[in-house]
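Student: Mind the numbering: the sequence shown is residues 1 to 713 in the UniProt record's numbering, read in order.
Built from N, CA and C at the ideal position, the CB exists for glycine as well.
Because the structure is a prediction, the values reported are computed rather than measured.
One structure, pasted below without further comment.
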Amino acid sequence: MPIFNKGHGAIAPACASLEQLGRRPLTLSVALASTLLAHTAAAQSDFSSMPHRHTLETLVVTGVVPSSPLTVETDPRIPRQPAPASDGADYLQTIPGFSAIRNGGTNGDPVFRGMFGSRLRVLTNGSQMLGACPARMDAPTSYISPENYDSLTVTKGPQSVIWGPGASAATVRFDRGPEAFKEPGTRIDASVMTGTYGRFDRRIDAALGNQQGYLRLTGNQSEANDYKDGNGNVVPSQWDKWNGDVALGWTPDEDTWLEVTAGRGDGEARYAGRSMDGSKFLRETVGLRFRRENLSEHWKQLEMQANYAYADHIMDDFTLREPGHMDMGHGGGMDMGDSMDMGDSMDMGGGMDMNEGMAMRVDRRTRSARLASTWEWENTTWIAGVDAERQIHRNEEGSHWQPDYALTQFGAFSEVTRFIGERERVIGGARLDRYRASDESLATATAGQTRRDTLPSAFLRYEQDLASTPATWYAGVGYVERFPDYWEMSVYNAGPEGSLNAFDGVQPEKTTQLDIGAQYTTERLNAWVSGYAGVVNDFILFDYAAPMGNAQIGNVDAQIAGAEVGARYQFSDHWTGNASLAYAWGRNRDDHEALPQIPPLEANLGLTFEQDAYSIGGLWRGVAAQNRIARDKGNVVGQDLESTAGFGVFSLNGAYRATNYLTLSLGVDNVFDTTYTEHLNLAGNAAFGYPADLDTGINEPGRMVWARADLRF
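Laid out in structure tokens, this is it:
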């Protein structure tokens with residue numbers, strides 16, 4: 001993979017234009033909002049009919065309660081603590097069991113129950129938005145602004161087959177639904193937040209329409225400066241990102257919905273734990289969705305969609321930092337995953353002055369389609385369909401683009417829910433996926449080679465609503481064969497012993513997992529527990545102990561287990577408490593050691609007082625020490641560096657509903673300015689003064705004060 005010095009003209013203009021581009025979608029959104037305001041008074045009677053809207057809350061969310069033992073559903077637009085999320089991974093950490101591999105202020109990579117990457121399928125409006133960076137500097141969630149979506153749904157474990165292949169850990173869906181206007185009208189949903197360390201977010205979601213259709217526009221911009229940790233040390237972490245999306249919908253009757261969408265976004269981010277920063281995160285998406293309901297007595301729904309997603313990513317070491325400092329130690333100065341294979345990088349056809357800086361540009365195009373039908377009988381529901389996806393990844397080499405990877409996937413799925421009694425049901429499903437991956441590069445050991453595979457997945461689950469108590473429980477077993485993803489098949493990394501490289505030798509993962517759970521709900525108490533235990537044959541593992549930081553990617557057999565438990569209890573009309581606990585465990589059976597990148601035990605305790613139009617709340621997050629590590633082993637983004645100490649962080653929040661349309665909220669995160677480091681972390685980069693010979697993780701933000709205003713009418 002090539003790198004280019006600072007003088008190459010193809011890179012510099014793209015970076016230079018970012019500042020001008022960043023303001024356009026927000027300006028357009030404000031202009032539309034101004035037009036809609038003129039019509040708002042006449043349309044206020046229609047607001048209650050819009051299903052995606054919610055009443056302004058006086059509460060700041062500090063933890064999400066599952067909607068069932070298996071599924072979590074929430075509205076990502078509600079204010080939350082810690083400070084409102086800058087990306088999808090940040091928001092997911094509100095849900096017990098989720099964590100993120102941290103590298104500074106934004107664009108962390110989500111982890112659920114210690115499982116990372118494509119084991120966690122992340123969808124936006126039913127399709128994947130995949131990044132292009134070889135080390136996931138632009139993880140899929142980095143392109144997601146959570147507050148631009150109406151709902152977030154998480155399905156735990158391999159307990160569904162209808163949303164695509166490979167989701168052995170969980171399926172995460174950020175969705176925007178259709179608008180519903182009974183009469184011609186408009187609506188506006190906006191928020192502004194400001195906080196310590198230069199944090200400044202603004203967002204608008206506006207729509208106008210009638211019974212026949214609608215036009216919806218969402219736009220946001222989020223920015224922040226470098227933060228300081230609890231010791232007062234500056235951590236390089238600034239970012240500036242924006243998104244704009246437009247949707248045109250047609251709703252000729254209650255049973256028909258057709259929507260065309262288009263979106264664009266960009267940004268930049270500085271990373272304390274990488275040898276390069278992201279100076280471009282261009283996102284372009286186009287989508288078409290169609291849904292028809294009640295087609296016949298038993299044919300209840302037909303869904304079709306087609307999507308296009310493009311990621312254009314530039315990483316360099318001169319836009320957001322001083323260029324030229326290259327460190328080869330564990331401090332992370334030369335991050336091999338971020339940049340390139342050293343054998344390729346040094347032959348520049350004329351040489352390269354490292355003091356001029358380095359840059360790399362990559363992109364990925366993803367095209368996908370899905371078709372599904374739902375059939376219903378007296379006690380049976382059947383969903384069946386097909387889906388397909390085509391990915392092409394490229395590197396910019398001088399004046400032209402060179403593909404290095406292509407993947408085609410075709411899948412067929414079927415899922416049945418059978419009610420076997422008034423309170424009992426059995427849900428089962430299966431899918432079969434055909435893959436074709438090719439090494440499109442020109443000068444690798446596997447150049448021109450193709451891999452093909454056909455992989456099955458299936459699950460079976462029993463659910464029961466108990467008659468004697470307001471509780472539901474379930475038990476299910478799932479089996480998933482997951483094809484290695486682009487990062488795991490990297491032709492620039494070594495594969496298992498005896499293979500040409502990772503593309504040639506890494507085998508698909510095979511996960512068999514038992515999931516169990518229960519939920520108890522009364523007027524005052526909502527308590528829940530979900531647990532899992534599984535065996536992963538051919539678990540894909542990265543070993544960074546090789547010289548020069550090159551990763552060797554191979555397969556091992558592993559065991560995994562863990563649980564999440566929580567409760568919310570209303571002590572009185574004004575006082576509510578909530579608590580959650582999450583634990584994950586993993587073992588490498590081949591090497592008889594811990595599985596790497598497993599988050600430690602984590603607990604959250606919250607207490608809220610709410611009366612009339614205001615609320616006051618506190619949140620304590622406690623994380624245990626993690627001593628079960630596999631040093632120098634991990635995944636494409638992170639590796640186990642060393643054991644980490646436990647910590648506790650206390651935060652406060654308050655909210656006031658000033659009018660039916662305006663809510664003000666205020667928060668103080670990390671009230672006591674605690675200095676702490678997350679276990680899932682990257683070593684600080686030597687270019688920012690971190691020691692090159694020590695595995696020094698990045699400290700998290702110290703005390704942060706933020707204020708937010710939400711306006712909906």
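How many Å lie between M360 and F410 at the Cα?
Tutor: As a first step, residue 360 is located in the sequence shown; it is residue number 360 there, counting from the start. As a first step, residue 410 is located in the sequence shown; it is residue number 410 there, counting from the start. Rounded to the nearest angstrom, the two C-alpha atoms are 32 Å apart.
Student: Closest by CA to V623, which one among V111, P599, D632, G249?
Tutor: Residue numbering aside, residue 623 sits at position 623 when the sequence shown is read from its first letter. Ranking V111, P599, D632, G249 by Cα distance to V623 puts P599 first.
Student: Quick one, are the C-beta atoms of F322 and A687 less than 9 Å apart?
Tutor: The residue given as residue 322 occupies position 322 in the sequence shown. The residue given as residue 687 occupies position 687 in the sequence shown. In the sequence on display, residue 322 carries Glu and not Phe. Yes, these two residues count as a Cβ contact at 9 Å.
Student: Please report how far the alpha carbon of L680 lies from the alpha carbon of S615, in whole angstroms.
Tutor: Position 680 of the sequence shown, counted from the first residue, corresponds to residue 680. Position 615 of the sequence shown, counted from the first residue, corresponds to residue 615. Their Cα atoms are separated by approximately 33 Å.
Student: Compute the beta-carbon to beta-carbon distance between Q552 and D538, rounded to the nearest angstrom, for a pair I have assumed lies under 8 Å.
Tutor: In the sequence shown, the residue the question calls residue 552 occupies position 552. In the sequence shown, the residue the question calls residue 538 occupies position 538. About 15 Å separates the two Cβ atoms, so there is no contact after all.
Student: Excluding five sequence neighbours on each side, which residues of the same chain lie with their C-beta closer than 6 Å to the C-beta of A247?
Tutor: Here residue 247 corresponds to residue number 247 of the sequence shown, with the count starting at 1. Taken in chain order, the residues that qualify are R216, E259, T261.
Student: Near A85, which residues of its chain fall below 7 Å by C-beta distance, leaving aside the five closest residues on each side in sequence?
Tutor: The residue you call residue 85 lines up with position 85 of the sequence shown. Only Y91, P146 meet the Cβ criterion.
Student: Is DSSP giving F713 helix, strand or coil here?
Tutor: Counting from 1 along the sequence shown, the entry for residue 713 is found at position 713. F713 falls in the coil class under three-state DSSP.
Student: What number of angstroms, rounded off, separates the C-alpha of S665 from the C-alpha of R77?
Tutor: Translated into the one-based positions of the sequence shown, residue 665 becomes position 665. Translated into the one-based positions of the sequence shown, residue 77 becomes position 77. In a straight line, the C-alpha of S665 is about 13 Å away from that of R77.
Student: DSSP state of G22, grouped into three classes?
Tutor: The residue you call residue 22 lines up with position 22 of the sequence shown. Because the pLDDT of G22 is 39, which lies under 50, any placement of that residue in the model is unreliable, and the number read from its coordinates should be weighed accordingly. Note: G22 maps to coil in three-state DSSP.
Student: Taking the straight line between their C-alpha atoms, what separation do you get for A42 and A306?
Tutor: Stepping through the sequence shown from its first residue, residue 42 is reached at position 42. Stepping through the sequence shown from its first residue, residue 306 is reached at position 306. The pLDDT assigned to A42 is 35, lower than 50, so where the model puts this residue is not dependable; a value taken from the coordinates is nonetheless given after this. Rounded to whole angstroms, A42 to A306 spans 36 Å at the Cα level.
Student: Taking the continuous alpha helix (DSSP H) assigned at G505, which residues delimit it?
Tutor: Taking the sequence shown and counting its residues from 1, one reaches residue 505 at position 505. 502-505 is the span of the alpha helix (DSSP H), which, as asked, contains G505.
Student: Does the Cβ-Cβ distance between F181 and N148 come in under 9 Å?
Tutor: Numbered from its first residue, the sequence shown carries residue 181 at position 181. Numbered from its first residue, the sequence shown carries residue 148 at position 148. The answer is no: Cβ separation not under 9 Å.
Student: What are the residues that DSSP puts in a beta bridge with R80?
Tutor: Numbered from its first residue, the sequence shown carries residue 80 at position 80. BP columns for R80 point to V61.
Student: Is the CB-CB distance between A518 and A467 below 9 Å?
Tutor: For the purposes of this step, residue 518 is identified with residue 518 of the sequence shown, where counting begins at 1. For the purposes of this step, residue 467 is identified with residue 467 of the sequence shown, where counting begins at 1. No.
Student: When DSSP labels each residue in this structure, what does P403 get in the three-state scheme?
Tutor: Here residue 403 corresponds to residue number 403 of the sequence shown, with the count starting at 1. Note: P403 maps to strand in three-state DSSP.
Student: Expressed to the nearest angstrom, what Euclidean distance is found between the alpha-carbon atoms of S160 and L605?
Tutor: Numbered from its first residue, the sequence shown carries residue 160 at position 160. Numbered from its first residue, the sequence shown carries residue 605 at position 605. Going by the C-alpha atoms only, they are around 31 Å apart.
Student: If you run the structure through DSSP and keep just helix, strand and coil, what is H330?
Tutor: Position 330 of the sequence shown, counted from the first residue, corresponds to residue 330. Bear in mind that a pLDDT of 34 at H330, under 50, signals an unreliable position, so the number given afterwards is only what the model happens to contain. The answer is coil: DSSP assigns H330 none of H, G, I, E or B.
Student: Let's see if you can read the secondary structure: which residues bound the alpha helix (DSSP H) around residue 717?
Tutor: Outside the shown range of the chain (1 to 713) lies residue 717, about which nothing can therefore be said.
Student: Rounded to the nearest angstrom, what separates Y492 and S651 at their Cα positions?
Tutor: Sequence index remark: in the sequence shown, residue 492 carries index 492 (1-based). Sequence index remark: in the sequence shown, residue 651 carries index 651 (1-based). When only Cα atoms are considered, Y492 and S651 end up about 44 Å apart.
Student: Using DSSP with H/G/I as helix, E/B as strand and the rest coil, what is G104?
Tutor: As a first step, residue 104 is located in the sequence shown; it is residue number 104 there, counting from the start. Of the three classes helix, strand and coil, the one that applies to G104 here is strand, per DSSP.
Student: Compute the Euclidean distance between the alpha carbons of F713 and I188, then round it to the nearest angstrom.
Tutor: Here residue 713 refers to the residue found at position 713 of the sequence shown. Here residue 188 refers to the residue found at position 188 of the sequence shown. Their backbone Cα atoms lie some 6 Å apart in a straight line.
Student: Just verifying my parser: in three-state terms, what is the DSSP assignment at E179?
Tutor: For this step, residue 179 is matched to residue 179 along the sequence shown. Residue state, collapsed to three classes: coil.
Student: Considering only their Cβ atoms, is the gap separating R436 from R451 smaller than 9 Å?
Tutor: Counted from its first residue, the sequence shown places residue 451 at position 451. Counted from its first residue, the sequence shown places residue 436 at position 436. In this structure, R436 lies closer than 9 Å to R451 by Cβ.
Student: Compare the beta carbon distance of R482 and R119 with 9 Å and say whether it is the shorter of the two.
Tutor: Walking along the sequence shown from the start, residue 482 turns up at place 482. Walking along the sequence shown from the start, residue 119 turns up at place 119. Yes, these two residues count as a Cβ contact at 9 Å.
Student: I believe G249 touches E179 by the beta-carbon criterion, under 8 Å. Please report the beta-carbon distance rounded to the nearest angstrom.
Tutor: Your numbering for residue 249 matches position 249 in the sequence shown. Your numbering for residue 179 matches position 179 in the sequence shown. Indeed they touch by this definition, with Cβ atoms about 6 Å apart.
Student: Would DSSP call H39 helix, strand or coil?
Tutor: Taking the sequence shown and counting its residues from 1, the one referred to as residue 39 is at position 39. Summary for H39: the model assigns pLDDT 40, below 50, so the residue's position carries little reliability, and this model does not support an answer.
Student: Nearest to F459 by alpha carbon, out of R291, P484, A430?
Tutor: In the sequence shown, residue 459 corresponds to position 459, counting from 1. Among R291, P484, A430, the Cα nearest to that of F459 belongs to A430.
Student: Anyone know if the C-beta pair for P134 and V362 falls short of 9 Å?
Tutor: Against the sequence shown, residue 134 aligns to sequence position 134. Against the sequence shown, residue 362 aligns to sequence position 362. Yes, the pair counts as a contact, with Cβ atoms nearer than the cut-off.
Student: Output needed for W401: all residues of its chain with C-beta closer than 6 Å, excluding positions within five of it in sequence on either side, in chain order.
Tutor: Mapped onto the sequence shown, residue 401 falls at position 401. Within the same chain, W401 has close Cβ partners R394.
Student: In three-state terms, what does DSSP make of S665?
Tutor: Reading the sequence shown from its first residue, position 665 is the one you call residue 665. Of the three classes helix, strand and coil, the one that applies to S665 here is strand, per DSSP.
Student: N148 by DSSP, collapsed to three states: which one?
Tutor: Mapped onto the sequence shown, residue 148 falls at position 148. In the structure shown, N148 sits in a helix (DSSP, three-state: H, G or I).
Student: Which residue's Cα is closest to the Cα of A567: T522, D312, T659?
Tutor: Translated into positions along the sequence shown, residue 567 becomes position 567. Nearest to A567 by C-alpha distance, out of T522, D312, T659, is T522.
Student: Go ahead and label V386 buried or exposed: buried means 16 or more other beta carbons lie within 10 angstroms of its beta carbon, across all protein chains shown.
Tutor: As a first step, residue 386 is located in the sequence shown; it is residue number 386 there, counting from the start. The residue in question, V386, is exposed, as its Cβ has fewer than 16 Cβ neighbours within 10 Å.
Student: With which residues is Y227 paired in a DSSP beta bridge?
Tutor: Here residue 227 is taken as the residue at index 227 of the sequence shown, counted from 1. DSSP lists V235 as partners of Y227.
Student: Going by the CB atoms, is the gap between E415 and A384 shorter than 9 Å?
Tutor: For the purposes of this step, residue 384 is identified with residue 384 of the sequence shown, where counting begins at 1. For the purposes of this step, residue 415 is identified with residue 415 of the sequence shown, where counting begins at 1. Yes, they are a contact pair.
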